[in-house]
Every structure is written in structure tokens, then in C-alpha cells.
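Asks: Right, I'll just put the structure down here and ask away after.
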Amino acid sequence: MTDGVVRLFSEEHVTRLTGLSLWQLRAWDREGFFAPRYAYEDRRTPYSRIYSFKDVVGLRAIAVLMKSYGVSFQELRKVAAELKRRGFDHWAELKLYVVKKQVHFQRPESRDVEGVWDGQLALVPVIDVIMDVETRVQKLQHRDPEQYGKVEKRRHTLRNAPVVAGTRIPTAAIRRFHEAGYSIERILGQYPTLKEADVYAALEYEQGLAQSA
1 MTDGVVRLFS EEHVTRLTGL SLWQLRAWDR EGFFAPRYAY EDRRTPYSRI YSFKDVVGLR
61 AIAVLMKSYG VSFQELRKVA AELKRRGFDH WAELKLYVVK KQVHFQRPES RDVEGVWDGQ
121 LALVPVIDVI MDVETRVQKL QHRDPEQYGK VEKRRHTLRN APVVAGTRIP TAAIRRFHEA
181 GYSIERILGQ YPTLKEADVY AALEYEQGLA QSA
């Protein structure tokens, strides 16, 4: 992963980065097919689903398998179960290949491309989405310096919830990290595109909301 790439993403971020719908993300979470790395037990809580970079890579790989290679969701479910049985707990851990709409993978310790079901070798181009996701993230995170240290609300962005200006990072998410004992430095480690002024502005905004409640 490239240094400086944002490591945490909201549902709205993930839809833009992967091409998947919000409905798909939530349905897959409920069904246990793909859960976000950071999630509250009560999914009804606002911003309860936060995805890691690794999550986004895995989801983008799944989106490519479905949309570009015609792999069915039923097939993906079988593959997920098989990979889990073999000790791989994440789609982003493997290089994936497709043969006639069936998924194969390359084991990390080998150059062999193993058929998920029968071990048959499949010499086809790898679906490598990491660089694609990094490029998408870099475009997503571009900000105007005049937006540093500001909070804004935009229509159609997180249901008009307050976010750090120029991003889709909710001020509530930053408050939760703060309440969990994260220092400013650790919060910035989770959101490398933010500035110290952004974190202070978000916390000040959230404090104002609490006082006015």
C-alpha cells in the first residue's frame, strides 16, 4: 500500500471507490458475506460501518469479478467459503483469476494458480486492483487548502451530516475516535489526508452539538 493513502472509509466513500451500491454493502454485511473491518455491534448507529483500505481492495476485486467477468454472486459465496476454509480471511490477500466465470487464486507461497475446487492450473491475467484503488483514493482525497480546519454540510453527502470540509469524513467519526482515547496524532494516522486543524475543528463542532442538545 502506498504511504499516505487513507486507511479508513465511510460507506459513501466505498460506493465511489468500488462501484458497488450502498444496498449491496449493507446486505452483504447483514448476510455475513463481507463485513467492514471496523463496525459497531448496533449497525443502526450512524456511521457504524467503517471500512479499511484492505476492505476496499477486496470489495473492488469482487465488483470486478461480477461486472467485468460475469461471476455470479452464488459463485462468489462458494469461493468465499472455500477461501475461509483454506485459512484466507480476506479477498485482498490473494491474486484472483477467472476461467469461464469460475474464480481461481494464486497461493501466496507459490507461483501456482490453483483452482478453488479441483486444483486445476489456470494461466489467465491476474485481477490486480490495488493500484486501481490507490489511484481512486488519491483522486478522492484531493482538497483545497482553504478547506483545512473547516466543517461543512452538503446536500446528498451522508444525509447532510457534518463532515470535514472537502472530505466525506463525518465529524462524529472523529469524535468517536477521540472518545475511545485516540490522541490527535493517532486520529491523523487513521486519516492521513486530514490536518491537525481539521481534527480540532471536528471536535469543537461536536462539542458544540453536545452542548446545544
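Take the sequence shown: its position 212, counting from 1, is numbered 212 in full-length UniProt numbering, and each next residue is one higher.
For glycine and all other residues, C-beta sits at the position ideal for the given N, C-alpha and C.
Please read all numbers here as calculations on a predicted model, not as lab measurements.
Could you check which residue in A172, Y191 and E206 has the C-alpha nearest to that of L140?
Replies: Y191
Asks: Tell me the residue span of the alpha helix (DSSP H) that contains S52.
Replies: Run containing S52: none in the alpha helix (DSSP H); it sits in the beta strand (DSSP E), R49 to S52.
Asks: How about the stretch 163-182 and the stretch 10-17: do they share at least three Cβ pairs that are nearer than 8 angstroms?
Replies: yes
Asks: Going by the DSSP bridge assignment, what does Y38 pair with across the sheet?
Replies: I50
Asks: When the Cα atoms are used, what is the spatial distance from Q211 to E204?
Replies: 11 angstroms
Asks: Are the beta-carbon atoms of Y97 and F88 separated by less than 8 angstroms?
Replies: F88 sits away from Y97, with the two beta carbons spaced by 8 angstroms or more.
Asks: Could you tell me the alpha carbon to alpha carbon distance between V5 and E134, rounded to whole angstroms?
Replies: Annotation note: pLDDT 49 at V5 (below 50); position unreliable, coordinate value reported separately. Going from the Cα of V5 to the Cα of E134 covers about 7 angstroms.
Asks: Does the Cβ-Cβ distance between L209 and V199 come in under 8 angstroms?
Replies: no
Asks: Using the three-state DSSP reduction, which class does H90 fall into: helix, strand or coil?
Replies: coil
Asks: With a CB to CB cut of under 6 angstroms and the five nearest residues on each side skipped, what residues in its chain are close to A161?
Replies: Taken in chain order, the residues that qualify are P170.
Asks: Let's test the definition: count the other Cβ atoms within 10 Å of the Cβ of V206 and tell me whether it reaches 16, buried, or not, exposed.
Replies: This sequence places Glu at residue 206; Val is not what is there. Classification of E206: buried, given that the 10 Å Cβ count is 16 or more.
Asks: Name the DSSP beta bridge partners of P170, please?
Replies: V163
Asks: So, under 8 angstroms CB-CB, A39 and S52 are touching, yes? Tell me the CB distance rounded to an integer number of Å.
Replies: So it is not a contact: roughly 11 angstroms between Cβ atoms.
Asks: Can you give the Cα-Cα distance for A197 and R136, rounded to whole angstroms?
Replies: 25 angstroms
Asks: Check whether the Cβ atoms of A92 and K54 lie closer than 8 angstroms to each other.
Replies: yes
Asks: Who are the Cβ neighbours of A35 in its own chain at under 6 angstroms, not counting the five residues just before and after it?
Replies: D29
Asks: Kindly indicate which three-state DSSP category F9 falls into: helix, strand or coil?
Replies: strand
Asks: Can you list, in chain order, the residues of its chain with a C-beta nearer than 8 angstroms to that of R186? Leave out the 5 residues immediately preceding and following it.
Replies: By the criterion of a C-beta distance shorter than 8 angstroms, R186 is surrounded in its chain by F177, once the five residues flanking it on both sides are discounted.
Asks: Evaluate F73 with the Cβ neighbour count: other Cβ atoms within 10 Å of its Cβ, from every protein chain shown; 16 or more gives buried, anything less gives exposed.
Replies: exposed
Asks: Determine the DSSP secondary structure at V151, reduced to helix, strand or coil.
Replies: strand
Asks: Whose C-beta lies closer than 6 angstroms to the C-beta of K101 among residues of the same chain, with five residues either side of it excluded?
Replies: G70 and V71
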